[in-house]
Amino acid sequence: MKRRKIEAILFCLALSGLLVVGLFLVLSQTAQEVRASPGQLFVTPGGSGDCSQSNPCNLQTALSSSNNGDEIYLAQGTYTSSDPEVLKVTKNLTFYGGWNGTTTSPPVRDPLAYPTILDGEEQRCVVLIQSGTTVILDGLTIMNGKMDLQNPTGMYGAGLFAADADLTVRHTRFYSNVVDINANIAYGGGMMVKGGSLSIEKSSFKWNSVKSQALPYGGGLAISDTLTATVREVLFERNDAWIGSGLFFTGNSSKPPVQVFASTFRDNGWGYSKGTASGGYSGAMEIVNATAHIEGNTMDRNYGANEYGAMRVMNSEIVLLRNLITRNESYEVSALAFWYTDPLIMANNIVVDNQTTAYSFSVPAIEVKGSSGEFLHNTLARNRNFSGSNVGEAYGILVHQSSNISLTNNIVVSHTVGIYVDGGSTANLEGTLWGSDAWANGTDTGGGGSINTGAVNLWKDPAFLDPNNGNYHLSLSSPAIDAGVLTDLTSDIDGGVRPTGSGFDIGADEIAAIYLPLVLKLFP
């Protein structure tokens, strides 16, 4: 009997112990969950409080007081520093600009109405992000960063530099940031990201530049060796670098992914930026060693003094889909160049009114060099080669150095030579509208390579809707309507359904009863 009592007592004690341990674990987990939720700190340029919403502190106090996962709200105003950077981020933090400064909960933000400006005062880098961190920037203006002979550190990116961080940037402006150093290589006037990952959306780069003794890359944005990079709805305007005035991306032998969606590249490479840089190659962007998806972008009036008015892609795989590439200019190759790119998929693009100035010899709008792939449903028109009154030969497409491409359902009109294929290269065409009268090519094909024009060829006026005002959609009278051959594409340049009639339309546009153009929202 006594033994059974002892066993019962021991059982109760053990059960009580388990309950206590269980309660401790539950309470501990609850406490951890509370600590894991982000804290909020509030900042004004002249703040001196405890970083609460009712009593804001200054930016440096918030940085030193913050914990991983915290959110820092910055009120309207200009933030400067005497340190090497205005903002140095060493923790996992989120920064929200545009706070209206009131105690309303949740905090009210409007970055346009209440601009938050981080100003390098033309003396320092503006934002430095330490490796190993996860950082979000939302609603800031980053401007007047400077990297020059007086502060030639190994870090470039006058507006922002991040190395091996996971970085997200939204609704942020990079204005008038300048790298100008006495070194061979420099990157990223507005922003330089090396390693880690990058996602940037609904932001803008204006008047940024990078200059060095030999190879300056990425006037607006330079990206190197990231695991992944996505650029979406970003404006690149009036930025300058000798290579890639708007954007420059270089990966490595693994060809990491880079995506550029619904962005606008305008007036880059002309020397309009702050600083003394100008564009030499790839006025809009240059992509090297990547798996690239470039979709829904506008590249307009960009400049490369030597070559590639809009873009060059090298040693990569690429899908180039639904882009408008127009009025770009260079000495050679007015629009696009693909070097050693395989596969190359170019579909539903409009490439028109681009200009080269090397009138003394023949140059193309599109160069395909040592590459293989497909051109599907593109519109190429009126790409010219002239300087003043001097007019030279302009090819729509140049295929050379052992390239092999197929071209299906393309409009190729109003060039000196529509497509020129050098010896050792091959082009197989089907469903081509070559133009007639004012829209005719001087000759449709040329060169010593292998050219098969296929069974479907049209020599007619393409009847564009309003080409003199830049509208190269098809009018209802266009002979391109329903004239193409079967392809796998299910949409056109505007995202409209393809096909809509009894067959596939030739060119980038598929005619519809109601024309709904692609609208690319531009962010300031």
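Note that this note's numbering has the sequence shown beginning at 69, numbered continuously upward.
Note that the Cβ used here is the ideal one computed from N, Cα and C, for glycine as well.
Beta-bridge analysis with DSSP links R238 to D206 and E269. Cβ neighbours of L127 within its own chain (closer than 6 Å, five residues either side excluded): V111 and Y147. Secondary structure note for T146: its beta strand (DSSP E) is the uninterrupted segment G145 to Y147. Here L526 is not near L497, since their CB atoms are 8 Å or more apart. In the structure shown, A449 adopts extended strand secondary structure according to DSSP, grouped into three states. The C-beta distance from R192 to E139 rounds to 25 Å, too long to meet the 8 Å contact threshold. From the listed residues T209, S457 and K279, the smallest Cα separation to V237 is found for T209. Among the bridge pairs identified by DSSP, I253 is matched with L283. Judged by their CB atoms, S493 and E461 are not nearer to each other than the 8 Å cut-off. DSSP lists A415 and T476 as the bridge partner or partners of L444. A181 is classed as exposed because its beta carbon has fewer than 16 other beta carbons within 10 Å across all chains shown.
A direct Cα-to-Cα measurement between G339 and G347 gives close to 7 Å. Around the beta carbon of D151, fewer than 16 other beta carbons sit within 10 angstroms, so the residue counts as exposed.
The Cβ-Cβ distance between N365 and L557 does not fall below 8 Å. The beta-carbon distance between V302 and S331, rounded to whole angstroms, is 5 Å. This is short enough to meet the 8 Å contact definition. According to DSSP, residue pairing for W527 in a beta bridge does not occur. A282 and V247 have their C-alpha atoms roughly 13 Å apart. Per the C-alpha coordinates, the member of Y376, E400, S545 and Y399 positioned closest to I393 is Y376. The criterion of a C-beta distance shorter than 8 Å is not satisfied by K342 and S402. For S292, the secondary structure class from DSSP, reduced to helix, strand or coil, is strand. In this structure, Y164 lies away from L186, with their beta-carbon atoms at least 8 Å apart. Around the CB of A506, fewer than 16 other CB atoms lie within 10 Å, so the residue is classed as exposed. Take V194, set aside five residues on each side of it, and the residues of its chain with a beta-carbon closer than 8 Å to its own are E153, V154, L155, L186, D187, G188, I210, M211, N212, G213, A226, G227, L228 and N245, in chain order. A straight line joining the alpha-carbon of S267 with that of L389 spans about 20 Å.
By the CB criterion at 8 Å, I549 and I579 fall inside the cutoff. Counting C-beta atoms within 10 angstroms of its own C-beta, S471 has 16 or more neighbours from the protein chains shown and is therefore classed as buried. Annotation: the continuous alpha helix (DSSP H) that includes S132 extends over L127 to S133. Classified as exposed, D534 has fewer than 16 neighbouring CB atoms from the shown chains inside 10 Å of its CB.
Considering only A449, L554 and G491, the residue with the shortest C-alpha distance to N536 is A449.
Sixteen is the threshold: when 16 or more other Cβ atoms of the shown chains lie within 10 Å of the Cβ of T294, as they do, the residue is buried. The three-state secondary structure of W507, taken from DSSP, is helix. Check the Cα spacing between A508 and each of V176, G441 and G486: the tightest is with G486. With a threshold of 16 other beta carbon atoms within 10 Å, A523 falls short and is exposed. By DSSP's assignment, H361 forms a beta bridge with Q327 and V387. The three-state secondary structure of P547, taken from DSSP, is coil.
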